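K.L.:
Have a look at this one.
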Ligand code: GDP
Ligand code: MG
């Protein structure tokens, strides 16, 4: 295709503002999906995406329109996947910034707009859902125009649901989004903006060609890893894969298949070039996604450990951001320390492990990565609280911090500030987007956000606040490790790294919780919370003589046997901590954040 006739664009928006629905209408209006095969959120192909109604993987579709080729890239909206969003943006020249006409600008509207502006994209402001009775298109057109610095009359108004205004929007894309510019006769350079593992076809790599040409049966080179592969198939998605015999030229968006089995060999953000005639420089911005949140994952049934390993191996084929290594816990047995991009990523991985692989899992409370500098100058990276050094030789501890942006109606300013202050936030600034809507910016420790921060924010603002955060380096903090001891023995799964001011609260809560959760034993069990050797909280589980047979009055022998069986069943689901029997449920309940 002549690059002058190509328009590459994406749709960016806050979650639920209607990206996928608008994409559906575009598929239908351009005729690539006929009315009979149309279904809602056509491009959300994963079960979990369809069930939760969210987009996790980006999707690229080629749409013919008015003699042009439009490549539309649907992006995931959630913060955990910002890296993928920013890669998708690199593959485009334009972005449709979609805003729900009944809601107005939200936190991810801003975050995505800044990403698009950084990528130098032409931005088309669009209000969606104008069919809703509650829509206020005039009010929000002004808000949106104020934000990006255009005239309110430049804001397009559509309904992805009814299709109103979508044709005009497509025309507008053709007229205003710049055609791609590249050098056709130079060495090939294509940006990988997504790669997915397919059981039948192996890894499918989605690329945007910047310079040169990629063809079938060509040896290609991945520039960040220096690995070479042969392209077995090359094509475009419209909306199902279609082989492109002529290959892909400047500005084109499509996929290639090389027969590799692991997405880590085809990394998002990497540059593909020709092995015979390699390009000199990579395309800018390759960055390996870094796990931000860690948690221990253990099979409830210890025998399922090999299955858990296999399941993680399989998931990783499709998720280059997922990292894990084996770990053992005295209390929970054999498992893995798993690193995630964020909380949603963690939830999704866990859910997939349980659903797609039929595993039952215990996960330890999530934690962030700490950098510990010892007095002798040695440095440790701590991804597991039980590895946090104890004793007086720590010089400094650093924790990751975020720049967080909260958008909410102005009446909630007080509540929001209270929550943020309570979590060691530092106010960066506050702006009014309109009379009754504010944007509040804080520096907040990531470790404070991953504990039910969003839930609290939502409940204190009746669901009206939205949150976005991005990593903003690290800060020194007064952090300590709190251990929980049963009968003098530390239970590694319950150790937590917390701020000094909150250590006491954590210790008391945990000790109380465990006293309720652990059944009485034949002997007294002291529960202690301690920082190093210093005990900061204490509870006691009183002893009982747990003689189940005493109830039987010696009479019915079969009843006696049944009781013994039952007791044995119960024992199987117990974990031993020293001499103390702790039921599985106690771990699950104590580790869940409520
Ligand atoms: P995404 O998260 O941005 O991809 O949003 P979706 O496309 O999944 O839409 C979120 C919700 O808004 C769904 O329930 C849609 O049916 C609904 N929705 C999307 N567009 C419109 C619209 O134009 N009008 C109305 N009334 N509802 C819409
Ligand atoms: Mg979506």
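Numbering (the UniProt record's numbering), first residue to last: 8 to 601. All C-beta atoms, glycine included, are put in the ideal place defined by N, C-alpha and C. All figures in this text were calculated on a predicted structure; none of them were measured in a lab.
1) Per DSSP, what are the beta-bridge partners of residue 346 in this structure?
2) Would you report the Cα separation of residue 22 and residue 307, rounded to the nearest angstrom?
3) Short of 7 Å in beta carbon distance, which residues of its chain neighbour residue 463, apart from the five on each side in sequence? Order them along the chain.
4) Applying the criterion that 16 or more other CB atoms from any shown protein chain within 10 Å of the CB defines a buried residue, is residue 62 buried or exposed?
5) How about residue 391 and residue 187: do their beta carbons lie closer than 8 Å?
6) Could you check whether the stretch 375-383 touches the stretch 393-409, counting it as contact only if at least three pairs of C-beta atoms, one from each stretch, sit closer than 8 Å?
7) When every heavy atom of the ligand GDP is checked, does at least one fall within less than 7 Å of the C-beta of residue 22?
8) Give me whichever residues DSSP pairs with residue 16 in a beta bridge.
9) Please say whether residue 135 and residue 684 have beta carbons closer to each other than 8 Å?
10) So, at 6 Å on beta carbons, what are the nonlocal neighbours of residue 9 in its own chain, with the 5 sequence-adjacent residues on each side left out?
11) What runs of the alpha helix (DSSP H), each 4 residues or longer, lie entirely inside the stretch 108-145?
12) Do residue 407 and residue 299 count as a contact pair if the criterion is CB distance below 8 Å?
13) Return the chain-ordered list of same chain residues with a C-beta closer than 6 Å to the C-beta of residue 432, the five sequence neighbours on each side being excluded.
14) So, at 8 Å on beta carbons, what are the nonlocal neighbours of residue 360 in its own chain, with the 5 sequence-adjacent residues on each side left out?
15) If you count every other CB in all the chains shown that lies within 10 Å of the CB of residue 60, and 16 or more means buried, which is it?
16) For residue 276, is the classification buried or exposed, using 16 other Cβ atoms within 10 angstroms of its Cβ as the cut-off for buried?
17) Along the beta strand (DSSP E) that carries residue 386, what are the first and last residues, could you check?
18) May I ask you to check if the CB of residue 495 is nearer than 7 Å to at least one heavy atom of the ligand GDP?
19) Just how far apart, CA to CA, sit residue 42 and residue 167?
20) Under the criterion of a Cβ to heavy atom distance below 7 Å, does residue 27 qualify as lining the ligand PLP?
21) Who are the near neighbours of residue 25 in its chain, counting only those whose CB is closer than 8 Å to its CB and skipping five residues on each side?
22) Check whether the Cβ atoms of residue 372 and residue 503 sit closer than 8 Å, and answer yes or no.
23) Beta carbon of residue 490: closer than 7 Å to some heavy atom of the ligand GDP?
24) So is the beta-carbon of residue 168 under 7 Å away from any non-hydrogen atom of the ligand GDP?
25) Can the beta-carbon of residue 543 be found less than 8 Å from the beta-carbon of residue 510?
26) What are the start and end residues of each continuous beta strand (DSSP E) run of 3 or more residues lying completely inside the stretch 463-498, in chain order?
27) If you check the beta carbons only, do residue 245 and residue 219 fall under 8 Å apart?
28) Which of the three DSSP states is assigned to residue 230 in this structure?
29) If contact is defined by three or more beta carbon pairs under 8 Å, each pair taking one atom from either stretch, is the stretch 175-184 in contact with the stretch 227-240?
30) I need the DSSP call for residue 286, collapsed to helix, strand or coil.
31) When burial is assigned at 16 or more other CB atoms within 10 Å of the CB, is residue 478 buried or exposed?
32) What number of angstroms, rounded off, separates the C-alpha of residue 143 from the C-alpha of residue 164?
33) For the alpha helix (DSSP H) containing residue 372, name the first residue and the last one.
34) Return helix, strand or coil for residue 268, following the three-state DSSP convention.
P.N.:
This is what the structure holds:
1) DSSP output for residue 346 lists 301, 330 as bridge partner(s).
2) Taking the straight line from one Cα to the other gives about 34 Å.
3) Hits under 7 Å: 426.
4) Caution is warranted here: a pLDDT of 48 is assigned to residue 62, below 50, making its placement in the model unreliable, and the coordinate value is therefore given only provisionally. Here residue 62 is buried, its C-beta having at least 16 other C-beta atoms within 10 Å.
5) No, these two residues do not count as a Cβ contact at 8 Å.
6) Cβ pair count under 8 Å is three or more, so yes.
7) At least one heavy atom of the ligand GDP lies less than 7 Å from the C-beta of residue 22.
8) In the DSSP output, where bridge partners are listed per residue, residue 16 has 79, 101.
9) Past the edges of the chain, shown from 8 to 601, lies residue 684, and the structure says nothing about it.
10) Correct list: empty, nothing qualifies.
11) Taking only runs of at least 4 residues, the alpha helix (DSSP H) segments lying wholly in the stretch 108-145 are 114-125.
12) Yes, the pair counts as a contact, with Cβ atoms nearer than the cut-off.
13) Within its own chain, the residues whose Cβ lies closer than 6 Å to the Cβ of residue 432, once the five positions on either side in sequence are excluded, are 449, 451, listed in chain order.
14) The residues are 304, 315, 318, 319, 322, 366, 368.
15) Its pLDDT being 49, under 50, residue 60 is placed unreliably by the model, and the measurement read from it follows with that caveat. By the Cβ neighbour-count rule, residue 60 is exposed, with fewer than 16 other Cβ atoms within 10 Å of its own.
16) Burial is judged here by how many other beta carbons sit within 10 angstroms of a residue's own beta carbon; residue 276 has at least 16 and is buried.
17) Going by DSSP, residue 386 is part of the beta strand (DSSP E) stretching over 386-389.
18) Not so, every heavy atom of the ligand GDP lies at least 7 Å from the Cβ.
19) Straight-line Cα distance between these residues: approximately 15 Å.
20) Although the ligand PLP was asked about, the structure shown includes only the ligand GDP and the ligand MG as ligands.
21) If you ignore the 5 residues before and after residue 25, its C-beta comes within less than 8 Å of the C-beta of 105, 107, 135, 136, 167, 168, all in its own chain and listed in chain order.
22) For the pair residue 372 and residue 503, the CB atoms are nearer than the 8 Å cut-off.
23) Annotation for residue 490 indicates a beta carbon at 7 Å or more from all heavy atoms of the ligand GDP.
24) True, at least one ligand heavy atom lies under 7 Å from that Cβ.
25) The answer is yes: Cβ separation under 8 Å.
26) Secondary structure remark: continuous beta strand (DSSP E) runs of at least 3 residues inside the stretch 463-498, in chain order: 473-483, 486-493.
27) Annotated as distal: residue 245 and residue 219, with beta-carbon spacing of 8 Å or more.
28) DSSP, reduced to helix, strand and coil, places residue 230 outside both helices and strands of the structure shown, so it counts as coil.
29) At 8 Å Cβ cutoff, the stretches do not touch.
30) DSSP places residue 286 in coil when its eight states are reduced to three.
31) Burial call: exposed.
32) Answer to the nearest angstrom: the Cα atoms are 11 Å apart.
33) In the DSSP assignment, residue 372 falls outside any alpha helix (DSSP H), carrying neither H nor E.
34) Residue 268: coil per DSSP, three-state reduction.
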